[in-house]
Amino acid sequence: MSEEQQVQPQLALERIYTKDISFEVPGTQVFTKAWEPELNINLSSSAEKIDPTHYEVSLKVVVQANNAGETAFIVDVTQAGIFLIDNVEEDRLPYILGAYCPNILFPFLREAVNDMVTKGSFPQLLLTPINFDAEFEANLKRAQAQAVEGQA
Numbered sequence: 002m003s004e005e006q007q008v009q010p011q012l013a014l015e016r017i018y019t020k021d022i023s024f025e026v027p028g029t030q031v032f033t034k035a036w037e038p039e040l041n042i043n044l045s046s047s048a049e050k051i052d053p054t055h056y057e058v059s060l061k062v063v064v065q066a067n068n069a070g071e072t073a074f075i076v077d078v079t080q081a082g083i084f085l086i087d088n089v090e091e092d093r094l095p096y097i098l099g100a101y102c103p104n105i106l107f108p109f110l111r112e113a114v115n116d117m118v119t120k121g122s123f124p125q126l127l128l129t130p131i132n133f134d135a136e137f138e139a140n141l142k143r144a145q146a147q148a149v150e151g152q153a
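Residues in the sequence shown are numbered from 2 upward in steps of one, following the working numbering.
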């Protein structure tokens, strides 16, 4: 095997799974009122190194729907994947873990949220697609600006 073949970057999704899921309807009175929800959506991602070539990347969303001033439902889903990442340049790793992998996980997270909400007998809830690449770049620029301010 030549040296060139040994250093080929590898990136693969090996497993995808629902890591944590919960759905709560605090009170049944929500079903007796006109449905005009206000949604509060909180999305985050994290990555953890499992071994030298594998990472677990998790994408978590908490959605709280309020209707007529009361909590109608809360859905909390963490979608995770195990990714093989090997021979990737060190400076590319944050992008892969912070944007590329969440882009892969998001459709599964979106489906899980919608399934939970509709099984709770509420109207469909399809989360708006997210541009994780743009979010990653924005977070990077914010971090760089804060670092510059901290040095001033």
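Just so you know, even glycine gets a beta-carbon here, dropped at the ideal spot from N, CA and C. All values derive from a computational prediction rather than experimental measurement.
For residue i, the three-state DSSP class (helix, strand or coil)
i: residue 2; result: Note that residue 2 has pLDDT 47, beneath the 50 cutoff, so the model's placement of it is unreliable and the number below is only indicative. Residue 2 falls in the coil class under three-state DSSP.
i: residue 54; result: coil
i: residue 65; result: strand
i: residue 152; result: helix
i: residue 25; result: strand
i: residue 16; result: strand
CA nearest to the CA of residue i, picked from the options
i: residue 63; options: 14, 19, 150 and 23; result: 23
i: residue 17; options: 41, 56, 30 and 38; result: 56
i: residue 137; options: 72, 42 and 95; result: 95
i: residue 127; options: 88, 116 and 139; result: 116
i: residue 69; options: 122, 120 and 31; result: 31
i: residue 67; options: 88, 90 and 76; result: 76
i: residue 10; options: 97, 151, 104 and 73; result: 97
Residues bridged to residue i [DSSP beta-bridge criterion]
i: residue 32; result: Its beta-bridge partners do not exist; DSSP assigns none.
i: residue 11; result: 87
i: residue 39; result: 67
What are the uninterrupted segments assigned as alpha helix (DSSP H) that are 4 or more residues long and contained completely in the stretch 68 to 149, given in chain order? 102 to 120
Quick one: any contact between the stretch 142 to 151 and the stretch 99 to 113, if contact means 3 or more CB pairs under 8 Å? no
For the stretch 78 to 89 against the stretch 119 to 133, are there 3 or more C-beta pairs whose distance is under 8 Å? no
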